[in-house]
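Student:
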Amino acid sequence: MNVKKENRRLSLRLAIVALGMFAFGFALVPFYDQICAAVGLNSLVEKSDRPANSQVDATRTVTIELDSNTATGLPWQFRPLLRHVKVHPGEMTTVEYEIVNTRSERITGQAVASYGPQFAGEYFKKIECFCFTHQTLEAGETRRLPVVFVIDPKLPRSVNSIALSYTFFEVAGRDGKS
Amino acid sequence: MSAVVDTHGHDHSHEHGHGHHGGYGGIMRWITTTNHKDIGTLYLWFSFIMFMTGGAMAMAIRLELFQPGIQFFNPDLFNQFTTMHGLIMVFGAIMPVFVGFANWQIPMMIGAPDMAFARLNNWSFWLLPFAATLLVLSFFMPGGAPGVGWTLYAPLTVQMGIGMDLTIFAVHLLGMSSILGSINIITTILNMRAPGMTLMRMPLFVWTWLITAYLLVAVMPVLAGAVTMTLTDRHFGTSFFNASGGGDPVLYQHIFWFFGHPEVYIIALPGFGVISQVIPAFSRKPLFGYASMVYATSAIAILSFIVWAHHMYTVGMPVTGQLFFMYATILIAVPTGVKVFNWVATMWRGSLTFETPMLFACGFLFMFTLGGMTGLVLALVPVDIQLQDTYYVVAHFHYVMVAGALFAAFAGIYFWIPKWTGKMYDETLGKIHFWLTLIFFNMIFFVQHFLGLAGMPRRIPDYPLIFETWNKISSIGAFGMGLTQLLFLYVVLKCIRSGPPAPAKPWEGADSLEWTHLPTPVPYHTWETPPVLK
Numbered sequence: 051m052n053v054k055k056e057n058r059r060l061s062l063r064l065a066i067v068a069l070g071m072f073a074f075g076f077a078l079v080p081f082y083d084q085i086c087a088a089v090g091l092n093s094l095v096e097k098s099d100r101p102a103n104s105q106v107d108a109t110r111t112v113t114i115e116l117d118s119n120t121a122t123g124l125p126w127q128f129r130p131l132l133r134h135v136k137v138h139p140g141e142m143t144t145v146e147y148e149i150v151n152t153r154s155e156r157i158t159g160q161a162v163a164s165y166g167p168q169f170a171g172e173y174f175k176k177i178e179c180f181c182f183t184h185q186t187l188e189a190g191e192t193r194r195l196p197v198v199f200v201i202d203p204k205l206p207r208s209v210n211s212i213a214l215s216y217t218f219f220e221v222a223g224r225d226g227k228s
Numbered sequence: 428m429s430a431v432v433d434t435h436g437h438d439h440s441h442e443h444g445h446g447h448h449g450g451y452g453g454i455m456r457w458i459t460t461t462n463h464k465d466i467g468t469l470y471l472w473f474s475f476i477m478f479m480t481g482g483a484m485a486m487a488i489r490l491e492l493f494q495p496g497i498q499f500f501n502p503d504l505f506n507q508f509t510t511m512h513g514l515i516m517v518f519g520a521i522m523p524v525f526v527g528f529a530n531w532q533i534p535m536m537i538g539a540p541d542m543a544f545a546r547l548n549n550w551s552f553w554l555l556p557f558a559a560t561l562l563v564l565s566f567f568m569p570g571g572a573p574g575v576g577w578t579l580y581a582p583l584t585v586q587m588g589i590g591m592d593l594t595i596f597a598v599h600l601l602g603m604s605s606i607l608g609s610i611n612i613i614t615t616i617l618n619m620r621a622p623g624m625t626l627m628r629m630p631l632f633v634w635t636w637l638i639t640a641y642l643l644v645a646v647m648p649v650l651a652g653a654v655t656m657t658l659t660d661r662h663f664g665t666s667f668f669n670a671s672g673g674g675d676p677v678l679y680q681h682i683f684w685f686f687g688h689p690e691v692y693i694i695a696l697p698g699f700g701v702i703s704q705v706i707p708a709f710s711r712k713p714l715f716g717y718a719s720m721v722y723a724t725s726a727i728a729i730l731s732f733i734v735w736a737h738h739m740y741t742v743g744m745p746v747t748g749q750l751f752f753m754y755a756t757i758l759i760a761v762p763t764g765v766k767v768f769n770w771v772a773t774m775w776r777g778s779l780t781f782e783t784p785m786l787f788a789c790g791f792l793f794m795f796t797l798g799g800m801t802g803l804v805l806a807l808v809p810v811d812i813q814l815q816d817t818y819y820v821v822a823h824f825h826y827v828m829v830a831g832a833l834f835a836a837f838a839g840i841y842f843w844i845p846k847w848t849g850k851m852y853d854e855t856l857g858k859i860h861f862w863l864t865l866i867f868f869n870m871i872f873f874v875q876h877f878l879g880l881a882g883m884p885r886r887i888p889d890y891p892l893i894f895e896t897w898n899k900i901s902s903i904g905a906f907g908m909g910l911t912q913l914l915f916l917y918v919v920l921k922c923i924r925s926g927p928p929a930p931a932k933p934w935e936g937a938d939s940l941e942w943t944h945l946p947t948p949v950p951y952h953t954w955e956t957p958p959v960l961k
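Chains A and B are the protein sequences, given in the same order. End of the first sequence sits at 228 in this note's numbering; the numbers just go up one at a time, nothing left out. End of the second sequence sits at 961 in this note's numbering; the numbers just go up one at a time, nothing left out.
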């Protein structure tokens, strides 16, 4: 019958549209990343641009409080070697953290930074950071990780202390384990 | 309804000398049926059962909110109730009820003998009870049902217990059912119309369903994708929404609302279609501005794809983004306004009577417009930042979902039940059902506008003392509305069992094919020879 053939053809086309839209849902993932990159959102794990003005502002001192956490279930010891450092805005500073994998297997983790006060994050320019990449530790491995940063001299004068807090999360599935 | 359809089939088989359900009787008849009328009936009863289930959860929520403090349910269970109430009402009650209408009405209205793919139709329905079972089973899993809200936002969904997996599979099944059903509906409408039934002569109900079915085919797969990503994040080590693996929970919201906003119109448009049949029938005038109704419906459907981020103004998007989504959202008021204008213009100088279907249609017109107005308020970025996640939002979307979609469904059932069963419902009881529903509905939700403006957040089982009065009123309204629906069940059962025989055309102004060319009650098989329209 003619109608039957027509029906089959139309339904097939509609099914292809449905499958295409399923794929479109997944295509939104890279699309979203591109949009975020284009408008400069979500740059938590991106390298900061170097500050335009590299003049060190020696007239004031900012205390950087270093803090470290691990997400529930991640068997790592994670601590900063110094609890706090005093820096001048514009001055390049290096601090170090230490992580120990206490589990007898290889684990991959990712650190996510947060700042207190939150708005200070945009003046906290990281040139090098272990949070830019995944960190994979062998069983029982200990590793020292540097963070190189500059405080933008445009930091409002009212801020004289910034807390830099890192939380390590386990990247599940990386090593065949969820 | 079942008993009656049976009888008619019986009459019919006497007339034409053949049985109608391939020899099966009892339960097997319903499991194996490929008749669009039987499947329509199954959809309608299924959605009613889900409506009562979701309604029971709503009453549990209102019971907890009757007084400040925690009285009946721990907050965990409260969250599970709000989540499941939303999922069950959207996917189990409101969507299937209109698919039920589509199954019953579309073939009769366009002069087709049945749906294009009758077996597929059977399968589309029978996926639903399994999905519903999975949803309800999740309550009995360790950790209970998901308590994440019906939007299933990451990252909470990644952390929930096994109940979440059941919900994800339920959403997969529901999506599959909707997509198959929609493919069937589009094919039926485009290929199976009677000679002379051109697209622009189709009843508006058929038009709204054609557009709705296209929306479903376009967005249900996106939802399926979103929950699949949640599933792989939970169990297969991907990090779509997991910040620690480089994913982003906000991404979930974008994908979800890309589905979610068209979904709003998937729920509303078939209701618009029902109202567009009911109002002309009781105004005894043809629908005002038929062509503009078709174009307005299409415009709403197209615009619904570019407004999704108005559900997430506060996630931290650039001002340009907020402005774009705000203006696009406000733009939707234009085609919606055209529709409301046309309905009112249809009633203008008509010879109106107010039987129960018309009462529900008028209730729809007032309440839905009010819900649309609060929607415009919420579309404004600065206002929304203040009001988001308060009871103002709850009031807004219940005005469009309950007083919009549900009232339209009631209007449709009272309108067509004489046709389907051959018997009249009790007009007095129907009117009482309408007035009680209207009063209790406003008792529940009108006061929630005040609560929201005063800052009461949604989805929280407790509240400060100052909110007590309005919450009490709202809760009493909820219990009243729940009980009133038992009256509706009684009206329907009474109509099926002992209603007086309906006249061939109980509504003077009804003019679509099923009223003008088919006997009442409709025989089990209709349009074996298509009608020819001149």
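We treat Cβ as the ideally placed atom computed from N, Cα and C, and that holds for glycine.
Can you name, in chain order, every residue of its own chain whose Cβ lies under 8 Å from the Cβ of F867 of chain B, other than the five neighbours on each side?
Tutor: Position 440 of the second sequence holds residue 867 of chain B. Same-chain partners within the cutoff: G904, A905, G907, M908 and T911.
Student: Less than 8 Å between the beta carbons of P125 of chain A and T152 of chain A, yes or no?
Tutor: Stepping through the first sequence from its first residue, residue 125 of chain A is reached at position 75. Stepping through the first sequence from its first residue, residue 152 of chain A is reached at position 102. Against a cut-off of 8 Å, the Cβ pair of T152 of chain A and P125 of chain A comes out as a contact.
Student: Is the Cβ of G166 of chain A closer than 8 Å to any Cβ of chain B?
Tutor: Counting from 1 along the first sequence, the entry for residue 166 of chain A is found at position 116. No, its Cβ sits nowhere closer than 8 Å to a Cβ of chain B.
Student: Would you give the residue range spanned by the beta strand (DSSP E) that H134 of chain A belongs to?
Tutor: By 1-based counting over the first sequence, the position of residue 134 of chain A is 84. That run of the beta strand (DSSP E) goes H134 to V137.
Student: What are the residues that DSSP puts in a beta bridge with T120 of chain A?
Tutor: Here residue 120 of chain A is taken as the residue at index 70 of the first sequence, counted from 1. T120 of chain A is bridged to A:F218.
Student: Could one say the Cβ of V962 of chain B lies closer than 8 Å to chain A's Cβ atoms, at least one of them?
Tutor: Since the first residue shown for chain B is 428 and the last is 961, residue 962 of chain B is missing from the structure and cannot be characterised.
Student: Compare the C-beta of G123 of chain A with all C-beta atoms of chain B and state if any pair is closer than 8 Å.
Tutor: Taking the first residue of the first sequence as 1, we reach residue 123 of chain A at position 73. So, not an interface residue.
Student: Rounding to the nearest angstrom, what Cα-Cα distance links K858 of chain B and G926 of chain B in this structure?
Tutor: Along the second sequence, one-based indexing puts residue 858 of chain B at 431. Along the second sequence, one-based indexing puts residue 926 of chain B at 499. The alpha-carbon atoms of K858 of chain B and G926 of chain B are separated by roughly 16 Å.
Student: Taking the C-alpha atoms as reference points, what is the distance between L807 of chain B and G799 of chain B?
Tutor: For the purposes of this step, residue 807 of chain B is taken as the residue at position 380 of the second sequence. For the purposes of this step, residue 799 of chain B is taken as the residue at position 372 of the second sequence. Looking at the two C-alpha atoms, the distance is approximately 13 Å.
Student: Where does the unbroken beta strand (DSSP E) through E161 of chain A begin, and where does it stop?
Tutor: Taking the first residue of the first sequence as position 1, residue 161 of chain A is located at position 111. Strictly speaking, residue 161 of chain A in this sequence is Ala, with Glu absent from that position. Residues I157 to G166.
Student: Three-state secondary structure (DSSP) at E141 of chain A?
Tutor: For the purposes of this step, residue 141 of chain A is taken as the residue at position 91 of the first sequence. Note: E141 of chain A maps to coil in three-state DSSP.
Student: Leaving out five residues before and five after P845 of chain B in sequence, what residues of the same chain have Cβ atoms less than 7 Å from its Cβ?
Tutor: Within the second sequence, numbered from 1, the residue matching residue 845 of chain B stands at position 418. Cβ neighbours of P845 of chain B beyond the five flanking positions: M851, A929, P933 and T947.
Student: What distance in whole Å lies between the Cβ atoms of L730 of chain B and A755 of chain B, which are believed to be in contact at a cut-off of 8 Å?
Tutor: Here residue 755 of chain B refers to the residue found at position 328 when the second sequence is read from its first residue. Here residue 730 of chain B refers to the residue found at position 303 when the second sequence is read from its first residue. A755 of chain B to L730 of chain B, Cβ: 7 Å. Contact.
Student: Quick one: list the residues of chain B neighbouring E220 of chain A, beta-carbon separation under 8 Å, in chain order.
Tutor: Here residue 220 of chain A refers to the residue found at position 170 when the first sequence is read from its first residue. Chain B residues near E220 of chain A: S671.
Student: Examine chain B for any beta-carbon lying closer than 8 Å to the beta-carbon of E56 of chain A, and answer yes or no.
Tutor: On the first sequence, position 6 is the one that residue 56 of chain A refers to. At least one chain B Cβ lies under 8 Å of E56 of chain A.
Student: Starting from F667 of chain B, find everything on chain A with Cβ-Cβ shorter than 7 Å and list it in chain order.
Tutor: Within the second sequence, residue 667 of chain B is the residue found at index 240, counting from 1. What F667 of chain B touches in chain A: V79.
Student: Below 8 Å on the Cβ atoms is my contact criterion, and I expect S565 of chain B with T594 of chain B to pass it. Report the Cβ-Cβ distance as a whole number of Å.
Tutor: Numbered from its first residue, the second sequence carries residue 565 of chain B at position 138. Numbered from its first residue, the second sequence carries residue 594 of chain B at position 167. That belief holds up - the Cβ atoms of S565 of chain B and T594 of chain B are roughly 6 Å apart, short of 8 Å.
Student: Give me whichever residues DSSP pairs with A213 of chain A in a beta bridge.
Tutor: Looking up residue 213 of chain A in the first sequence gives position 163. Paired residues: A:E115 and A:G166.
Student: Would you verify that the beta carbon of L64 of chain A is, or is not, closer than 8 Å to some beta carbon of chain B?
Tutor: Here the question's residue 64 of chain A lines up with position 14 in the first sequence. For L64 of chain A, the answer is yes, since a Cβ of chain B falls inside 8 Å of its Cβ.
Student: Excluding the 5 residues preceding and the 5 following M883 of chain B in the sequence, name in chain order all residues of the same chain whose CB lies nearer than 7 Å to its CB.
Tutor: Taking the second sequence and counting its residues from 1, one reaches residue 883 of chain B at position 456. T817, Y818, Y890 and F894.
Student: Please decide whether H448 of chain B counts as near chain A, where near means a Cβ-Cβ distance under 8 Å.
Tutor: Against the second sequence, residue 448 of chain B aligns to sequence position 21. Summary for H448 of chain B: the model assigns pLDDT 49, below 50, so the residue's position carries little reliability; its value from the coordinates is reported in the next sentence. No - not a single Cβ of chain A is within 8 Å of the one on H448 of chain B.
Student: When DSSP builds the beta bridges, which residues end up paired with C179 of chain A?
Tutor: In the first sequence, the residue the question calls residue 179 of chain A occupies position 129. Paired residues: A:V197.
Student: Against chain A, with Cβ distances strictly below 8 Å, would P809 of chain B count as a contact?
Tutor: Translated into the one-based positions of the second sequence, residue 809 of chain B becomes position 382. No, its Cβ sits nowhere closer than 8 Å to a Cβ of chain A.
Student: Between I694 of chain B and M828 of chain B, which are expected to be in contact by the criterion C-beta below 8 Å, what is the C-beta distance as a whole number of angstroms?
Tutor: Translated into positions along the second sequence, residue 694 of chain B becomes position 267. Translated into positions along the second sequence, residue 828 of chain B becomes position 401. Going by Cβ atoms, the distance from I694 of chain B to M828 of chain B rounds to 7 Å, so yes, they are a contact pair.
Student: Hey, S215 of chain A and G166 of chain A are a contact pair by Cβ (cut 8 Å); roughly how many whole angstroms apart?
Tutor: Within the first sequence, the letter at position 165 stands for residue 215 of chain A. Within the first sequence, the letter at position 116 stands for residue 166 of chain A. Right, the Cβ-Cβ distance comes to about 7 Å (below 8 Å), so this counts as a contact.
Student: Return yes when the Cβ of L696 of chain B is within less than 8 Å of the Cβ of G615 of chain B, no when it is not.
Tutor: Indexing the second sequence from 1 puts residue 615 of chain B at position 188. Indexing the second sequence from 1 puts residue 696 of chain B at position 269. According to the sequence shown, residue 615 of chain B is Thr rather than Gly. No; because the gap between Cβ atoms is not below 8 Å, this pair is not in contact.
Student: Could you say if the segment 627 to 647 of chain B and the segment 705 to 723 of chain B meet the contact criterion of at least three C-beta pairs nearer than 8 Å?
Tutor: The answer is yes - the segment 705 to 723 of chain B touches the segment 627 to 647 of chain B, with three or more Cβ pairs under 8 Å.
Student: So, is the C-beta of L617 of chain B closer than 8 Å to a C-beta in chain A?
Tutor: Reading the second sequence from its first residue, position 190 is the one you call residue 617 of chain B. L617 of chain B counts as touching chain A.
Student: Can you give me, in chain order, the residues of the segment 770 to 797 of chain B that have a beta carbon less than 7 Å from any beta carbon in chain A?
Tutor: Flagged: no residues at all.
Student: Determine which residues share a DSSP beta bridge with R129 of chain A and list them.
Tutor: The residue labelled residue 129 of chain A in the question sits at position 79 within the first sequence. DSSP, once it has assigned bridges, lists A:E148 as partnering R129 of chain A.
Student: A651 of chain B touches chain A at which residues, Cβ-Cβ below 7 Å?
Tutor: Sequence index remark: in the second sequence, residue 651 of chain B carries index 224 (1-based). Residues of chain A passing the Cβ test: F72.
Student: Using a Cβ cut-off of 8 Å (strictly closer), state whether Y216 of chain A contacts chain B.
Tutor: The count along the first sequence starts at 1 and reaches residue 216 of chain A at position 166. No, Y216 of chain A does not count as interfacial toward chain B.
Student: Output the boundary residues of the beta strand (DSSP E) element that contains Q185 of chain A.
Tutor: Against the first sequence, residue 185 of chain A aligns to sequence position 135. Q185 to L187 is the span of the beta strand (DSSP E), which, as asked, contains Q185 of chain A.
Student: Using the Cβ count rule (16 or more neighbours within 10 Å means buried), how would you classify V53 of chain A?
Tutor: As a first step, residue 53 of chain A is located in the first sequence; it is residue number 3 there, counting from the start. Burial call: exposed.
Student: Based on the DSSP secondary-structure assignment, which residues constitute the bridge partners of P884 of chain B?
Tutor: Residue numbering aside, residue 884 of chain B sits at position 457 when the second sequence is read from its first letter. According to DSSP, P884 of chain B bridges with B:T817.
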